[in-house]
Amino acid sequence: MQDPRFVALSKRAAEAATWAPDDARIDELATAMADHYLANPAHLKIVTGLQARTEAVTRYKLIAHHGEEQAPASAQLAALVETKLRSAGIPIPRPDFR
Numbered sequence: 003m004q005d006p007r008f009v010a011l012s013k014r015a016a017e018a019a020t021w022a023p024d025d026a027r028i029d030e031l032a033t034a035m036a037d038h039y040l041a042n043p044a045h046l047k048i049v050t051g052l053q054a055r056t057e058a059v060t061r062y063k064l065i066a067h068h069g070e071e072q073a074p075a076s077a078q079l080a081a082l083v084e085t086k087l088r089s090a091g092i093p094i095p096r097p098d099f100r
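Position in the sequence shown (from 1) plus 2 gives the number in our numbering.
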């Protein structure tokens, strides 16, 4: 709450649930979110903290895919943020990894 940029990004992410899954703003927002997480390691723990030490992939998949059908734009946003963080070397389980 002390970081206005993080609060603004979080609000935009919530708004993204109402966007179409192919809305061009999703990629822009995903980039901004990934950049912010990478620049603020304390906030990055919000994403990586959802991973359990055991059964990480299964648990992560349940969390990551919850509500996909109801909010496909949010699911697209989450997938893009994850992809961008992975490409930066952040260890996030892949949903297709077994």
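Think of the CB as a built atom: it goes at the ideal place given N, C-alpha and C, for glycine as much as any other residue. Because the structure is a prediction, the values reported are computed rather than measured.
| Which same chain residues, not among the five before or five after P23, have their C-beta less than 6 Å away from its C-beta? | The count along the sequence shown starts at 1 and reaches residue 23 at position 21. Excluding residues within five positions, the ones whose Cβ falls inside 6 Å are P74, A75 and Q78.
| request: Would you give the residue range spanned by the alpha helix (DSSP H) that I28 belongs to? | output: As a working mapping, residue 28 is identified with position 26 in the sequence shown. Segment A26 to A41, the alpha helix (DSSP H) holding I28.
| request: Go through its chain and collect everything with a Cβ distance to R88's Cβ below 7 Å, but skip five positions before and after it. | output: For the purposes of this step, residue 88 is taken as residue 86 along the sequence shown, with counting starting at 1. Excluding five sequence positions before and after R88, the CB atoms of its chain that fall closer than 7 Å to its own CB belong to I94, given in chain order.
| query | Sorted by chain position, which residues of the same chain lie with C-beta nearer than 7 Å to A32's C-beta, five sequence neighbours on each side aside? | reply | Locating residue 32 in the sequence shown gives position 30, where the first residue counts as 1. Within the same chain, A32 has close Cβ partners L79, L82, V83 and K86.
| message | Here's the rule I'm using: 16 or more other beta-carbon atoms within 10 Å means buried, otherwise exposed. How should A41 be labelled? | response | Working through the sequence shown from its first residue, we reach residue 41 at position 39. By the neighbour-count rule (16 or more Cβ atoms within 10 Å), A41 is not buried but exposed.
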